[in-house]
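Mapping of the sequence shown onto UniProt numbering: position 148 corresponds to residue 148, and the numbering continues sequentially without gaps.
From the three backbone atoms N, C-alpha and C, an ideal C-beta is built for every residue, glycine too.
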Amino acid sequence: MEVKRLVGLIALVAVLTGLLLSGLTAPHTSSADPSVAPTVATNATTNIEETTATLNGMVIDDGGEPCQHRFEYATDPGEPYAYNTTWTGNITSGQSFNESVSKLTKGTKYYFRAQAKNSAGTGSGSELSFLTKPDAPTNLSASSAGPDQIDLFWTKGDGAQNTTIMRKQGGYPADKDDGTQVYFDTGTSTSGHGLTHNTTYYYRAWSYVEGSEEQ
Numbered sequence: 001m002e003v004k005r006l007v008g009l010i011a012l013v014a015v016l017t018g019l020l021l022s023g024l025t026a027p028h029t030s031s032a033d034p035s036v037a038p039t040v041a042t043n044a045t046t047n048i049e050e051t052t053a054t055l056n057g058m059v060i061d062d063g064g065e066p067c068q069h070r071f072e073y074a075t076d077p078g079e080p081y082a083y084n085t086t087w088t089g090n091i092t093s094g095q096s097f098n099e100s101v102s103k104l105t106k107g108t109k110y111y112f113r114a115q116a117k118n119s120a121g122t123g124s125g126s127e128l129s130f131l132t133k134p135d136a137p138t139n140l141s142a143s144s145a146g147p148d149q150i151d152l153f154w155t156k157g158d159g160a161q162n163t164t165i166m167r168k169q170g171g172y173p174a175d176k177d178d179g180t181q182v183y184f185d186t187g188t189s190t191s192g193h194g195l196t197h198n199t200t201y202y203y204r205a206w207s208y209v210e211g212s213e214e215q
């Protein structure tokens with residue numbers, strides 16, 4: 001009888017020991033250490049001007065710990081990117097981030113992507129692009145070349161491909177679709193024919209780069 005009691009006690013101790021070991025090992029299996037690099041989204045650029053823009057991104061999944069973030073950008077698509085912002089921040093899943101970049105070239109297309117990193121590695125978003133604005137044309141002037149003709153002269157905006165000139169009676173054109181287009185090309189002068197004598201015409205000029213907002 002004593003032997004049976006002892007065996008039962010040993011079995012009970014073994015069961016309790018197993019439960020204890022199981023409880024001790026559980027915290028290790030649920031460790032918060034990251035196992036993967038972050039997942040990142042690149043978002044559209046905002047506040048685009050002639051030489052500045054705001055780049056935007058979001059951390060979709062931080063991989064288990066707060067992340068730093070940055071952007072890479074260049075005038076050519078794909079790696080390697082010529083420029084990058086500094087690693088900064090301490091953000092987690094679902095948080096957005098942005099960075100203002102400057103000293104950009106006017107009227108130029110840039111390619112960029114968002115990045116985030118944790119101790120497991122670096123994640124990169126898809127590549128997007130944006131186009132900086134050109135300078136507006138300046139020094140628009142006119143001189144009469146006859147009773148029904150006027151000559152126009154201007155200085156082309158820095159970074160512009162073409163210049164658009166619109167004409168209107170009764171007031172200046174409000175935008176590039178308001179009035180009659182009298183010029184759209186790469187030069188710095190043009191002549192207007194077929195005008196009505198003793199009539200006032202108003203002209204306005206815009207710079208143009210394909211894919212960009214006219215200035």
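Query raised in the report: Does the distance from the C-beta atom of Ile150 to that of Leu195 stay below 8 Å?
Result: yes
Requested in this report: Report the three-state DSSP secondary structure of Lys168 (helix, strand or coil).
Outcome: strand
**Report entry** Buried/exposed call for Glu79, threshold 16 Cβ in 10 Å
**Finding:** exposed
Query raised in the report: Is it right to say Glu50 is buried, meaning 16 or more other beta carbons lie within 10 angstroms of its own, or is it exposed?
Result: buried
Query raised in the report: Is it true that the CB of Gly121 sits closer than 8 Å to the CB of Thr42?
Result: no
Requested in this report: Compute the Euclidean distance between the alpha carbons of Phe184 and Asn162, then round it to the nearest angstrom.
Outcome: 6 Å
Requested in this report: Between the Cα of Tyr201 and those of Ala142, Ser207, Thr155 and Lys176, spot the shortest distance and give me the residue it belongs to.
Outcome: Ala142
Query raised in the report: Tyr172: buried (16+ other C-beta within 10 angstroms of its C-beta) or exposed?
Result: exposed
**Report entry** For His197 and Gln181, the rounded distance between their alpha carbons
**Finding:** 19 Å
Report task. Starting from Ile60, trace the beta strand (DSSP E) both ways and give me its first and last residue. Result -> Ala53 to Asp61
**Report entry** Through-space distance from Ser35 to Gly63, alpha-carbon basis
**Finding:** 7 Å
Query raised in the report: So, helix, strand or coil for Thr29, using DSSP?
Result: For Thr29, the pLDDT reaches just 36, beneath the cut-off of 50, and the residue's location in the model is therefore unreliable, although a value from the coordinates is still provided. Note: Thr29 maps to helix in three-state DSSP.
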